[in-house]
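Participant:
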Amino acid sequence: MADRSLTPRGAATYQCILDAATREFAGHGIAGARIERIVSAARTNKAQLYAYFGNKERLFGAFLFASLERITNVVPMDAADLADRAVRLYDEYLQRPHLIRLATWARLERRPAGHLVAEREQCNVYAATAAPRKEHRYRGCR
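When the count follows the numbering used here, it moves up by one through the sequence shown with no breaks and lands on 154 for the last residue.
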């Protein structure tokens, strides 16, 4: 979905779907979540949800990836001060307790090995944090 540009109304609908999905997944897990409840809460329809996300698994992945990306942006990687980053990450998670529940559901229900994000998304998360890690490693060698 990130490849398509949305109108302001489309972006609002997209966000409403993600917000409704957050509540549904947090309350019922991936397997227990129902598309009908998500579209009802978002005040949209199944066709719109499927146009944006494709299926329930992709909707969950989109939400989880967006959440991880948001936290990564709010708490940037500073390899020189990992203790401070850990405290700031902890504070961010305290402000969003549903993320811990959703991550737990993902670990329990996703196959084959309970990955939090799909392999293609793992590369994006890794790339976002690679430069600071590399910089710290080289500084440590000098």
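Beta carbons: idealized from backbone N, C-alpha and C, even for Gly.
1) I'd like the list of long-range same chain contacts for I29, defined as Cβ closer than 8 Å, with 5 residues on each side in sequence excluded.
2) Let's see if you can read the secondary structure: which residues bound the alpha helix (DSSP H) around R186?
3) Less than 8 Å between C-beta atoms, sequence neighbours within five positions excluded: which residues of the same chain meet that for K68?
4) Does the count of Cβ pairs from the stretch 103-112 and the stretch 73-90 closer than 8 Å reach three?
5) Mapping the DSSP letters down to three states, classify N67 as helix, strand or coil.
6) Does L76 pass the burial test, meaning 16 or more other C-beta atoms within 10 Å, or should it be called exposed?
7) Output needed for T34: all residues of its chain with C-beta closer than 7 Å, excluding positions within five of it in sequence on either side, in chain order.
8) I'd like the list of long-range same chain contacts for R113, defined as Cβ closer than 7 Å, with 5 residues on each side in sequence excluded.
9) Apart from the five residues just before and just after V99, which ones in its own chain have a Cβ nearer than 8 Å to its Cβ?
10) Here's the rule I'm using: 16 or more other beta-carbon atoms within 10 Å means buried, otherwise exposed. How should T19 be labelled?
11) Please classify A95 as buried or exposed, where buried requires at least 16 neighbouring CB atoms within 10 angstroms.
12) Just confirm the distance between the C-beta atoms of D90 and R97, as a whole number of angstroms; I'd bet it's less than 8 Å.
Facilitator: On the basis of the data shown:
1) To locate residue 29, count along the sequence shown from 1; it is residue 17. Answer for I29: I50, V51, A54, T56, Q60, L61, Y64, F65 and L71, listed in chain order.
2) Here the chain covers residues 13 to 154 and nothing more, so residue 186 does not appear.
3) Here residue 68 corresponds to residue number 56 of the sequence shown, with the count starting at 1. Hits under 8 Å: I42, A45 and I47.
4) yes
5) Your numbering for residue 67 matches position 55 in the sequence shown. Here N67 sits in coil by DSSP.
6) In the sequence shown, residue 76 corresponds to position 64, counting from 1. Classification of L76: buried, given that the 10 Å Cβ count is 16 or more.
7) Here residue 34 refers to the residue found at position 22 of the sequence shown. So the qualifying residues of the chain are F75 and H110.
8) What you label residue 113 is simply residue 101 of the sequence shown in a count that begins at 1. Same-chain partners within the cutoff: A38.
9) Counting from one through the sequence shown, the residue named residue 99 turns up at place 87. Counting only Cβ-Cβ distances below 8 Å, and skipping sequence neighbours, we find nothing.
10) One-based indexing of the sequence shown puts residue 19 at position 7. It is exposed - the Cβ of T19 has fewer than 16 other Cβ atoms within 10 Å.
11) As a working mapping, residue 95 is identified with position 83 in the sequence shown. Exposed is the call here.
12) The residue labelled residue 90 in the question sits at position 78 within the sequence shown. The residue labelled residue 97 in the question sits at position 85 within the sequence shown. Contact flag correct, Cβ pair sits at about 6 Å.
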